[in-house]
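To keep things clear, I will list the structure first and then write my remarks on it.
Number of protein chains: 2
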Amino acid sequence: MLTAQRRAWILDVLRRDGQLVAKRLAAQLDLSDDTIRRDLRELAAEGKLQRVHGGALPASPAIADFSVRRHVATEGKTAVGRAAAALVQPGQTVIIDGGTTAQQVVRHLPPDLGATVITHSPTIACELVSHPSIEVLVIGGRLFKHSIVTCGAIAIESILQVSADAFFMGVTGVHATAGLTTGDAEEAAVKRALSHRSAETYVLASSEKIGTASPFTVIPMHEATAVIIESSTPDVQVAALRREGVELIRAD
Amino acid sequence: MLTAQRRAWILDVLRRDGQLVAKRLAAQLDLSDDTIRRDLRELAAEGKLQRVHGGALPASPAIADFSVRRHVATEGKTAVGRAAAALVQPGQTVIIDGGTTAQQVVRHLPPDLGATVITHSPTIACELVSHPSIEVLVIGGRLFKHSIVTCGAIAIESILQVSADAFFMGVTGVHATAGLTTGDAEEAAVKRALSHRSAETYVLASSEKIGTASPFTVIPMHEATAVIIESSTPDVQVAALRREGVELIRAD
DNA sequence: GCGTATCGTGCAGGTTCGTGCAGAAACAAG
DNA sequence: CTTGTTTCTGCACGAACCTGCACGATACGC
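As given, the protein sequences belong to chains A and B, one line each in that order. With our numbering, letter number 166 in the first sequence gets 166, and the count goes up by one each step, no holes. Adding 252 to a residue's 1-based position in the second sequence gives its number in our numbering.
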């Protein structure tokens, strides 16, 4: 990855998330902390961002204020997304679901990652435009507007034509006995089909979803490879999932 | 390979990939690093690209390019979009192309219009979420990141399964004799396929496109039902199109 | 045909740039 | 105050860069 490109990406991240941790960025890009620090220092010198201890904030504080507030609201989802993104290996083919948590997965993929992403979400597809080395395959079909994903026969048919190494699935309910559930039957069917076309299925479980169940079952709990949970998930819920023999990945 | 040819190719690669590593390019073309560096240096001097340590980036980054273009929807594009939207009758099935002008078409559709929209653009699909009575069908396929539309065999295959009353087509060149053209061969093929599946084809021709031609022909001029032009289009251009027997719709 | 000018290319050299590491200084929190 | 973390400084090394020069190819005029 070119240096200039990396710096542009840093500013991008900052605009999007409203904040940025130097150390984490270094780990994500597999570079030394010093290099990132140097980048931040120089971008700060150019007035493109505001340097703070441990990371950076946007140059204009007004925008920062708003973005940070929004960011704080979804801190859990961000962490889950980051943990999920770390599971993607270069060269793999992965399926990414629709939804805000899945969007966080995309945002934490290394910018120069070479991989193939399959998605039935136009939002996710648009988001991936800024990753030059990721090949994107969009699953067509009827647009289900509530979640902004494609559904229906056409989608299912297309899904049967693909295979992937991993599927990052968003759901609305993660319940020890009710399994993984969502609010729409069509959507459940599509998620199920995607899961069956993938070697591994990782569930993106931000805290508000754990312990709840929605009307339609996607897959039983044991069919998931692992559930990615926030580190702040209450112990009671964690224990309940453990009892079902589900593998858990804690996102910090 | 001729030098001029090589330089054109370099710009092509850059447009496609959004980045370029000097060393890799040299190896690929079996030339010394110096030669490539010289090319890059001189292209940068001409303002055709942005030179950075290790390689080059587009003069105006593709993504920034798109988002800027999106925000700077000129008055002309808005007018063309409004005129196009007025052609859609309730109950019809229409195909809407990708691009900024097409986006304006969507923005001017009546919010309660009952219709079916087929699109190969994730951007357009997202935009249509706010129209509750429009049924949206997304064409899947490989994502072509430059224009943010799906392309390739999968897209073509899906397109052959649908039919529509009208296709609102965006192009980059509208020329009396060269016809309707665009900058990418794949994209041209997809647009052509969409046009052939539709009873009517309306061309969205904001003023900067008229009188210009891009490398790849989509369809000859006479295959278009009508070309929607800005009212401010120079008379010379209008006359040239009239001579070809094209129907023109003026957008005010 | 022959010399000359021009151009594109590759190579040698010295320079600049980007990166990582070690140690000292600054900072935040207990 | 103490401790652990983050930051900066200086340094070293390799990669990328630019300059100047030499070589071969083509074009042009004599």
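Beta carbons: idealized from backbone N, C-alpha and C, even for Gly.
I'd like to check one pair, residue j with residue i: are the Cβ atoms closer than 8 Å?
i                : j                : result
Ile348 (chain B) : Thr371 (chain B) : yes
Leu241 (chain A) : Ala102 (chain A) : no
Leu281 (chain B) : Arg258 (chain B) : yes
Thr469 (chain B) : Thr433 (chain B) : yes
Met221 (chain A) : Ala189 (chain A) : no
Val332 (chain B) : Ala503 (chain B) : yes
Ile249 (chain A) : Ile228 (chain A) : yes
Ala297 (chain B) : Asp285 (chain B) : no
Arg197 (chain A) : Val162 (chain A) : yes
Val129 (chain A) : Lys397 (chain B) : yes
Pro215 (chain A) : Pro374 (chain B) : no
Pro310 (chain B) : Leu361 (chain B) : no
Using a C-beta cutoff of 8 Å, does residue i count as contacting chain A?
i                : result
Gly393 (chain B) : yes
Asp264 (chain B) : no
Cys403 (chain B) : no
Leu389 (chain B) : yes
Ala296 (chain B) : no
Ser506 (chain B) : An answer regarding residue 506 (chain B) cannot be provided, because it is not within the stretch 253 to 504 covered by chain B.
Ile315 (chain B) : In this predicted model, Ile315 (chain B) has a pLDDT of only 46, less than 50, meaning its place in the structure is not dependable; the value taken from the coordinates is given anyway. Yes, Ile315 (chain B) counts as interfacial toward chain A.
Ala377 (chain B) : yes
Pro374 (chain B) : yes
Lys443 (chain B) : no
Gln489 (chain B) : no
Gly425 (chain B) : no
Gly270 (chain B) : yes
Val304 (chain B) : yes
Val498 (chain B) : no
Val340 (chain B) : no
Val381 (chain B) : yes
Report the rounded CA-to-CA distance for residue i versus residue j, giving the unit in angstroms.
i                : j                : result
Gly306 (chain B) : Ala437 (chain B) : 30 Å
Val488 (chain B) : Leu301 (chain B) : 33 Å
Arg495 (chain B) : Gly422 (chain B) : 22 Å
Pro384 (chain B) : Pro363 (chain B) : 8 Å
Thr287 (chain B) : Ala260 (chain B) : 15 Å
Ala4 (chain A)   : Ala213 (chain A) : 47 Å
Val94 (chain A)  : Val498 (chain B) : 47 Å
Glu187 (chain A) : Cys151 (chain A) : 6 Å
Arg290 (chain B) : Val117 (chain A) : 36 Å
Glu157 (chain A) : Ile471 (chain B) : 31 Å
Val139 (chain A) : Ser147 (chain A) : A quick correction: the sequence has Ile, not Val, at residue 139 (chain A). Looking at the two C-alpha atoms, the distance is approximately 15 Å.
Ser484 (chain B) : Ser459 (chain B) : 8 Å
Arg268 (chain B) : Asp165 (chain A) : 27 Å
Glu230 (chain A) : Ala193 (chain A) : 26 Å
Glu135 (chain A) : Gly328 (chain B) : 34 Å
Ala83 (chain A)  : Leu272 (chain B) : 30 Å
Thr172 (chain A) : Cys378 (chain B) : 21 Å
Within the continuous beta strand (DSSP E) that includes residue i, where are the two ends?
i                : result
Arg502 (chain B) : 500-503
Pro374 (chain B) : Per DSSP, Pro374 (chain B) belongs to no beta strand (DSSP E); it is in the alpha helix (DSSP H), 374-379.
Gly393 (chain B) : 393-396
Ala176 (chain A) : Element bounds for Ala176 (chain A): n/a, residue is neither H nor E.
Asp417 (chain B) : 416-422
Ser410 (chain B) : Note, Ser410 (chain B): premise wrong, no beta strand (DSSP E); alpha helix (DSSP H) at 404-411.
Glu223 (chain A) : Glu223 (chain A) -> no beta strand (DSSP E), and no H or E assigned at all.
Val203 (chain A) : 198-205
Gln50 (chain A)  : 49-52
Ile288 (chain B) : Note, Ile288 (chain B): premise wrong, no beta strand (DSSP E); alpha helix (DSSP H) at 285-297.
Ala56 (chain A)  : 55-58
Just curious, the alpha helix (DSSP H) that residue i is in, first and last residue?
i                : result
Gly76 (chain A)  : 75-85
Asp349 (chain B) : It is not in any alpha helix (DSSP H) - Asp349 (chain B) carries neither H nor E in the DSSP assignment.
Thr119 (chain A) : Note, Thr119 (chain A): premise wrong, no alpha helix (DSSP H); beta strand (DSSP E) at 115-119.
Val269 (chain A) : This structure leaves residue 269 (chain A) out entirely; chain A is present only between 1 and 252.
Val88 (chain A)  : Taken as a continuous stretch (DSSP letters only), Val88 (chain A) belongs to no alpha helix (DSSP H), as it is neither H nor E.
For a cutoff of 8 Å on Cβ pairs, would you count residue i as touching chain B?
i                : result
Val68 (chain A)  : Because Val68 (chain A) sits at a pLDDT of 49, beneath the cut-off of 50, its placement in the model cannot be relied upon, and the following sentence gives the value as read from the coordinates. Not one chain B Cβ lies under 8 Å of Val68 (chain A).
Thr101 (chain A) : no
Pro215 (chain A) : no
Thr35 (chain A)  : no
Ile148 (chain A) : yes
Gln5 (chain A)   : yes
Pro220 (chain A) : no
Val105 (chain A) : no
Quick one: which chain A residues come within Cβ less than 8 Å of residue i?
i                : result
Gly307 (chain B) : Leu2
Gln344 (chain B) : Those within 8 Å of Gln344 (chain B) in chain A number zero; the least Cβ separation is about 17 Å.
Anything in chain B within Cβ reach of residue i, meaning under 7 Å, just list it in chain order.
i                : result
Ser158 (chain A) : Gly392
Which residues of chain B have a Cβ atom closer than 8 Å to the Cβ of residue i, listed in chain order?
i                : result
Pro132 (chain A) : Asp269, Gly270, Gln271, Lys397
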